[in-house]
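Residue numbers (UniProt numbering), protein chains in the order written: chain A, 1 to 246; chain B, 1 to 238.
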């Protein structure tokens, strides 16, 4: 279970006027329990939803409060938490480290498969599960964007994490690849927390959090949450058109 | 698990990108060179480059080059593919050879060219016949003595692998920044290429670092050591 207890995230920000750096709030004090198999997080750009996602595997640490996954504190037990919580980014190119798919998946398996030969076999088996067996030895740059995102997912899921956090995994993909990735995620055994702009995908979640200006402004069933988000964004678009600060 | 809709860009590409440079890409195979341990290949590379420096004269240089070409034949790795990624390096060797011809005569130029070609081609062959993770294992083993000075061998080997992986990314970043500058009519202004390329590379480094952290790569086991409250950029405002 993921638990956020009185979590508050702040950061130093340079003063545009050239004065002293000031503290800005990225996420206002927040307490949550995430038990549902599928949780979606929606919100405008810069609303704090990615910060919320990054808290879950310790990429961002709270300024105060604590985040725990199955009782492990992200600040104190960072390495153990990251073994429990896989994280997939929007841009697979930032996540893929090795020149070919088989080598990249093998990199994820270094801890669990010390023997190089067994590791390579396990990596090929993982790629086969994701329909990438024929691409195993091709250079990563020759894969399509969708195949690269699939590879990024494969490399993370190879370690069999208990929770998968996805930060806008389909934003850069065309409709066909969105469907492939959505189907794949829907079929996973893991608990999934997905940050997304895709309201159709959010509609399939068990629970949807709407984040706005560093606050969870709605937390509930998908239909109601998506409706709330649409109203929120319509009001903001109206303010932008009128030239008032958004 | 999932069918993959293949885009046109997913097929028909050459195995080696034109910009993959001297790094080489792994070419799967079952030859004796492929099966040789990564450490043995790195030692062979060290021996060949050392002999190239120590042994004087054209015959020894040509023998070293011939041995490397023989290794290519045994590995069944096409020389053209490897040399194609080494264009800039080969041009550099050509310039040095002309200078050596001018200063020492033809024998010196041939010796220098053969020695450098042997070293560079063998390095490309090592990366073409050794998977990156095997290379990583080898480097981690070689870096074990660094534990005594407080460096983690896994992190050292990962850093070297990342350095190799980053060179082509740097090239692509620069080419794309140059194209963007040309599109804005600023193709002759070096700042319009260098500054955005540098900014993009810093951004790339940041994203890769974050992705490595998310995958727990290069991270020691056990509890996270306590950090000062201001050591994390997003923990500093409390």
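Backbone N, C-alpha and C define an ideal beta-carbon position, used for all residues, glycine too.
Sequence-distant residues of its chain with Cβ nearer than 7 angstroms to residue i (five each side left out)
{"i": "residue 22 (chain B)", "result": "Summary for residue 22 (chain B): the model assigns pLDDT 46, below 50, so the residue's position carries little reliability, and this model does not support an answer."}
{"i": "residue 243 (chain B)", "result": "No statement about residue 243 (chain B) is possible, as the shown extent of chain B runs from 1 to 238 and does not include it."}
{"i": "residue 60 (chain B)", "result": "none"}
{"i": "residue 52 (chain A)", "result": "27, 41 and 211"}
{"i": "residue 12 (chain A)", "result": "21 and 23"}
Residue(s) in a DSSP beta bridge with residue i
{"i": "residue 101 (chain B)", "result": "Answer by DSSP bridge pairing: none, since residue 101 (chain B) is not bridged."}
{"i": "residue 34 (chain B)", "result": "Answer by DSSP bridge pairing: none, since residue 34 (chain B) is not bridged."}
{"i": "residue 113 (chain A)", "result": "Its beta-bridge partners do not exist; DSSP assigns none."}
{"i": "residue 22 (chain A)", "result": "A:13"}
{"i": "residue 73 (chain A)", "result": "A:68"}
{"i": "residue 33 (chain A)", "result": "A:3"}
{"i": "residue 43 (chain A)", "result": "A:211"}
{"i": "residue 87 (chain A)", "result": "A:165"}
Terminal residues of the alpha helix (DSSP H) in which residue i lies
{"i": "residue 92 (chain A)", "result": "92-95"}
{"i": "residue 209 (chain B)", "result": "190-215"}
{"i": "residue 266 (chain B)", "result": "Lying before the first or after the last residue shown, residue 266 (chain B) is absent from chain B, which here runs from 1 to 238."}
{"i": "residue 116 (chain B)", "result": "106-129"}
{"i": "residue 135 (chain B)", "result": "132-142"}
{"i": "residue 77 (chain B)", "result": "Run containing residue 77 (chain B): none; DSSP gives neither H nor E here."}
{"i": "residue 84 (chain A)", "result": "78-84"}
{"i": "residue 101 (chain A)", "result": "101-108"}
{"i": "residue 50 (chain A)", "result": "49-55"}
Nonlocal neighbours in the same chain, by C-beta distance under 8 angstroms from residue i, ignoring five residues either side
{"i": "residue 133 (chain A)", "result": "124 and 127"}
{"i": "residue 184 (chain A)", "result": "130, 150 and 153"}
6 angstroms CB neighbourhood of residue i in its chain, flanking five on each side removed
{"i": "residue 156 (chain A)", "result": "86 and 88"}
{"i": "residue 38 (chain B)", "result": "130, 134, 135 and 138"}
{"i": "residue 160 (chain B)", "result": "139"}
{"i": "residue 183 (chain B)", "result": "none"}
{"i": "residue 180 (chain B)", "result": "none"}
{"i": "residue 68 (chain B)", "result": "118, 121 and 122"}
Three-state secondary structure assigned by DSSP to residue i
{"i": "residue 59 (chain B)", "result": "helix"}
{"i": "residue 28 (chain A)", "result": "strand"}
{"i": "residue 69 (chain B)", "result": "helix"}
{"i": "residue 196 (chain A)", "result": "coil"}
{"i": "residue 151 (chain A)", "result": "helix"}
{"i": "residue 179 (chain B)", "result": "helix"}
{"i": "residue 38 (chain A)", "result": "strand"}
{"i": "residue 186 (chain B)", "result": "coil"}
{"i": "residue 218 (chain A)", "result": "strand"}
{"i": "residue 191 (chain A)", "result": "strand"}
{"i": "residue 60 (chain A)", "result": "coil"}
{"i": "residue 28 (chain B)", "result": "coil"}
{"i": "residue 118 (chain A)", "result": "helix"}
{"i": "residue 249 (chain B)", "result": "Summary: the structure shown does not reach residue 249 (chain B), with chain B confined to residues 1 through 238, and so no result is reported for it."}
{"i": "residue 157 (chain B)", "result": "helix"}
{"i": "residue 146 (chain A)", "result": "helix"}
{"i": "residue 163 (chain B)", "result": "helix"}
{"i": "residue 39 (chain B)", "result": "helix"}
{"i": "residue 92 (chain B)", "result": "helix"}
{"i": "residue 174 (chain B)", "result": "helix"}
{"i": "residue 204 (chain A)", "result": "coil"}
{"i": "residue 136 (chain A)", "result": "coil"}
{"i": "residue 86 (chain B)", "result": "coil"}
{"i": "residue 123 (chain A)", "result": "helix"}
{"i": "residue 157 (chain A)", "result": "helix"}
{"i": "residue 46 (chain B)", "result": "helix"}
Start and end residues, beta strand (DSSP E) containing residue i
{"i": "residue 228 (chain A)", "result": "Segment 222-242 is the alpha helix (DSSP H) holding residue 228 (chain A); no beta strand (DSSP E) there."}
{"i": "residue 10 (chain A)", "result": "2-13"}
{"i": "residue 182 (chain A)", "result": "Residue 182 (chain A) -> not in any beta strand (DSSP E); alpha helix (DSSP H) instead, spanning 175-186."}
{"i": "residue 207 (chain A)", "result": "207-212"}
{"i": "residue 167 (chain A)", "result": "163-167"}
Handout entry: Touching by the beta-carbon criterion (3+ pairs, under 8 angstroms), the region 33-44 of chain B and the region 131-143 of chain B
Key = Inter-segment contact for the region 33-44 of chain B and the region 131-143 of chain B is present: three or more beta-carbon pairs are separated by less than 8 angstroms.
Practice task
Would you check if there are 3 or more beta carbon pairs closer than 8 angstroms linking the region 206-216 of chain A to the region 172-184 of chain A?
Solution key: Using a C-beta cut-off of 8 angstroms, the region 206-216 of chain A makes no contact with the region 172-184 of chain A, since fewer than three inter-stretch Cβ pairs fall below that distance.
Problem - Segment contact flag, the region 162-172 of chain A with the region 191-201 of chain A, C-beta cutoff 8 angstroms, min 3 pairs - result: Contact between the region 162-172 of chain A and the region 191-201 of chain A is present, because at least three Cβ pairs lie under 8 angstroms.
Exercise for the section: Would you be able to state if there are at least three C-beta pairs under 8 angstroms between the region 91-99 of chain A and the region 159-173 of chain B? Expected result: Yes: at least three Cβ pairs fall under 8 angstroms.
Exercise for the section: Could you tell me whether the region 215-223 of chain A touches the region 64-74 of chain A, using the rule of 3 or more Cβ pairs below 8 angstroms? Expected result: Under the Cβ criterion (8 angstroms, minimum of three pairs), the region 215-223 of chain A does not count as touching the region 64-74 of chain A.
Problem - Given 8 angstroms, three or more beta-carbon pairs between the region 200-217 of chain B and the region 71-87 of chain A - result: Three or more beta-carbon pairs drawn from the region 200-217 of chain B and the region 71-87 of chain A are found closer than 8 angstroms, and the two stretches are therefore classed as touching.
Problem - Sufficient close CB pairs (3 or more, under 8 angstroms) joining the region 17-27 of chain A to the region 37-55 of chain A - result: The region 17-27 of chain A makes contact with the region 37-55 of chain A; the number of CB pairs closer than 8 angstroms reaches 3 or more.
Handout entry: Meets three-Cβ-pair contact criterion under 8 angstroms: the region 146-153 of chain B and the region 46-54 of chain B
Key = No, the region 146-153 of chain B does not touch the region 46-54 of chain B.
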